[in-house]
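UniProt numbering puts the first residue of the sequence shown at 1, with every later residue one more than the last.
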Amino acid sequence: MISEKKLKDLRTAVPTNQESPFKIHELFFSVTDPKSNMTFINEIFERVSKFDHEEIIGQPHKLIRHPDMPRAVFKIFWDRLKADKPVAAYVKNMAKDGTYYWVKALAFPCDGGYLSIRLKPTSDLFDKIKDIYSETLQVEQAKEEEIGKRKAMEQSEEYLLELLKNEGFSDYEEFMWNALQQEMHQREEALAKTTDTTRSHTEEVPEALLELEPVLQELVISLNSLQDMHQDLVQYSDYILELARSILLLSINAQIGSSKLDQDDIALSVIAEQMGEQSIEGEEKLLEMKDNIQGVSDLVGMLNFEIVASKLQVEMTIDFMDEIAADAYVGKKSTITADKSIELLYDAFLPRLSTIKNGLGELPNYLKKLLTNVEEIEKFLLILRLIHNTGKVEIARLNDDSNSFHTTIQDLLEEVTTAQEHLDKLTTLVHKNKKMGEQYTDRQQDLNALISELQEHAHASSDASEGDE
1 MISEKKLKDL RTAVPTNQES PFKIHELFFS VTDPKSNMTF INEIFERVSK FDHEEIIGQP
61 HKLIRHPDMP RAVFKIFWDR LKADKPVAAY VKNMAKDGTY YWVKALAFPC DGGYLSIRLK
121 PTSDLFDKIK DIYSETLQVE QAKEEEIGKR KAMEQSEEYL LELLKNEGFS DYEEFMWNAL
181 QQEMHQREEA LAKTTDTTRS HTEEVPEALL ELEPVLQELV ISLNSLQDMH QDLVQYSDYI
241 LELARSILLL SINAQIGSSK LDQDDIALSV IAEQMGEQSI EGEEKLLEMK DNIQGVSDLV
301 GMLNFEIVAS KLQVEMTIDF MDEIAADAYV GKKSTITADK SIELLYDAFL PRLSTIKNGL
361 GELPNYLKKL LTNVEEIEKF LLILRLIHNT GKVEIARLND DSNSFHTTIQ DLLEEVTTAQ
421 EHLDKLTTLV HKNKKMGEQY TDRQQDLNAL ISELQEHAHA SSDASEGDE
């Protein structure tokens, strides 16, 4: 029977400095209703929290909240969920006996509430976050005495976000996806070294689900390379915008300089006019490349989350099916059934797999577009070199009044030379990542076949579940 104990009767332990351990391959799984009351937990959650299943079901998540956690973190967490957005956060929890355990929590809105999966954090960033939380908590507690809990929580949220900016993250969303990707990369590398690949699974686990797990594992590990490419491209994107502005400014200076020349020096006026025309055309090409780089950036951000989230959900589904088959919950009741929990997991990751499949196909296309951009900009730079050479010849005939024009022409050559160097590096970068794009095309085909099989299995399971009701 679901426990009717009050929260205050269950939270009687005093926090200790002892950890409630769990292993890196283990995942927590829980489902809550819209009010954050737990309606389902898996065996690992129950074991590490040290609450009996009957005690914890029906209770709010704050039952396991540790006093070392800043309230600001939970404000961010629930603000995102209530806005129908997924969220990830480092959380320190307290077990029934006062011991603690840290998790990296990933939560999503789902049918009738929220689904949460937690893994063991092990990245270098995790150590920094513990210090950031401690500092934020001190500020929060000091503010509570001055302005009350609600306003203190709002101000400590601002303080926390400022500390994250100091670590190089523009906002919480950028931080949480980077952190999640780092944790998953560490975890997958560790599992690749320790996991027993011969471990058996219940026959209830569809073969397509078992085949999907290593595909997603490979994609998770590839995210580091994808992130490196993204960071390099962003640097080029910033330079491209500066180049477009610089060439436009040089063309304006050239036209101003040419207006002061004698009528006999009409050739320089023509050159200045050509610079103006080319700067406009060149700016369009440069901005098109910048847009394509932004497209890659958006794609990387999307793939980062979708791949990590899907890997966790698929792994959790497999483990949960094994757990159910082993009768881990015999005699234990929940407000939702095991079949309903599996249905929620399927509903969570199947749409993500389709998003990943489509995204993987977009990357090679973006790389092709960037190579086309490079070719067009190389032609643009070639024309600018010709303009420079022509201008240099004409300047040799002129007197000292042409010094300003001479400086402009010389600056143009320097910009072109620097731009060519950047362009060569960008070309090398794109070619280097073409192989990754080709591998993603292969994974896209794998996913397409597996998605079809899993959709059939999900429909069959749903029909069987309805038939049993």
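Positions of the beta carbon are idealized from the N, C-alpha and C atoms, including for glycine.
Q: Tell me whether Arg245 is buried or exposed, calling it buried when 16 or more other Cβ atoms sit within 10 Å of its Cβ.
A: exposed
**Q.** Sequence ranges, alpha helix (DSSP H) only - wholly within the region 352 to 414, length at least 4
**A.** none
(Q) So, with DSSP's three-state summary, where would you put Arg47? (A) Taken through DSSP and simplified to helix, strand or coil, Arg47 comes out as helix.
Q. Excluding sequence positions up to five away, which residues of its chain have a Cβ less than 6 Å from the Cβ of Glu26?
A. Ile44
(Q) Let's see if you can read the secondary structure: which residues bound the alpha helix (DSSP H) around Val73? (A) Per DSSP, Val73 belongs to the alpha helix (DSSP H) from Arg71 to Lys82.
Q. Applying the criterion that 16 or more other CB atoms from any shown protein chain within 10 Å of the CB defines a buried residue, is Leu450 buried or exposed?
A. Buried is the call here.
Q.
Can you give me the C-alpha to C-alpha distance between Glu343 and Glu242, rounded to a whole angstrom?
A. 51 Å
**Q.** CB of Gln217 within 8 Å of CB of Glu188, strictly
**A.** Cβ distance < 8 Å, so Gln217 and Glu188 count as in contact.
Q) Nearest-angstrom Cα distance between Ala328 and Gln181? A) Unreliable positioning characterises Ala328 in this predicted model, as indicated by a pLDDT of 47, which lies under 50. The coordinate reading is nonetheless provided below. Rounded to whole angstroms, Ala328 to Gln181 spans 31 Å at the Cα level.
(Q) Alpha carbons only, please: which of Gln18, Leu119, Asp52 and Thr39 is nearest the one belonging to Lys311? (A) Leu119
Q: With a threshold of 7 Å, establish whether the CB of Leu223 neighbours any heavy atom of the ligand ADP.
A: Here there are no bound small molecules, and the ligand ADP is not part of this structure.
Q: Would you be able to state if there are at least three C-beta pairs under 8 Å between the region 131 to 147 and the region 102 to 115?
A: Not touching, per the Cβ criterion.
Q. Taking DSSP as the reference, what is the three-state secondary structure of Ala13?
A. coil
Q: Might you give, ordered along the chain, the residues of its own chain that have their beta carbon closer than 7 Å to the beta carbon of Asn17, omitting 5 neighbours on each side?
A: none
Q: Pick helix, strand or coil for Tyr329, following the three-state DSSP scheme.
A: Note that Tyr329 scores 46 on pLDDT, short of 50, meaning its location in the model is unreliable and no value can be drawn from it.
Q.
Tell me the rounded alpha-carbon separation between Asn178 and Ile307.
A. 13 Å
Q. So, helix, strand or coil for Pro109, using DSSP?
A. strand
Q: Could you tell me how far apart the beta carbons of Leu115 and Ala348 are, in whole angstroms, since I believe they sit closer than 8 Å?
A: 6 Å
Q) Going by the CB atoms, is the gap between Asn93 and residue 470 shorter than 8 Å? A) Here the chain covers residues 1 to 469 and nothing more, so residue 470 does not appear.
Q | C-alpha gap between Leu226 and Gln186, whole angstroms | A | 16 Å
Q. Does the Cβ of Lys357 have 16 or more other Cβ atoms within 10 Å, making it buried, or fewer, making it exposed?
A. buried
(Q) By DSSP's criteria, Ala89 is part of a beta bridge. Which residues make up the other side? (A) Ala105
Q.
Looking at the secondary structure, which residues open and close the beta strand (DSSP E) in which Thr32 lies?
A. Phe28 to Thr32
Q. Per the contact definition of three or more C-beta pairs closer than 8 Å, is the region 246 to 254 in contact with the region 264 to 282?
A. yes
Q. Cβ of Gly301 within 8 Å of Cβ of Pro364?
A. no
Q: Out of Met229, Phe108 and Thr39, point me to the one whose CA is closest to Asp84's CA.
A: Phe108
**Q.** Residues near Leu367 by beta carbon distance below 7 Å, same chain, minus five either side
**A.** Only Val430, Asn433, Lys434 and Gly437 meet the Cβ criterion.
Q | Environment of Arg80 [buried if 16+ CB atoms lie within 10 Å] | A | Label assigned to Arg80: buried.
Q: Would you list the residues sitting across from Met302 in a DSSP beta bridge?
A: Met302 pairs with nothing; no bridge assigned.
Q.
Given a cut-off of 8 Å on the beta-carbon distance, is the pair Leu454 and Leu219 in contact?
A. no
Q: Could you check if Thr32 is buried or exposed, using at least 16 other CB atoms within 10 Å of its CB as the buried criterion?
A: buried
Q: Determine the closest residue to Val215 out of Ala458, Thr441, Asn389 and Glu456, with distance taken between C-alpha atoms.
A: Here the closest residue by C-alpha is Thr441.
Q. So, helix, strand or coil for Thr39, using DSSP?
A. It is a strand residue.
**Q.** Sufficient close CB pairs (3 or more, under 8 Å) joining the region 371 to 387 to the region 281 to 292
**A.** yes
Q.
If you follow the alpha helix (DSSP H) that Leu161 is in, where does it begin and where does it stop?
A. Lys149 to Asn166
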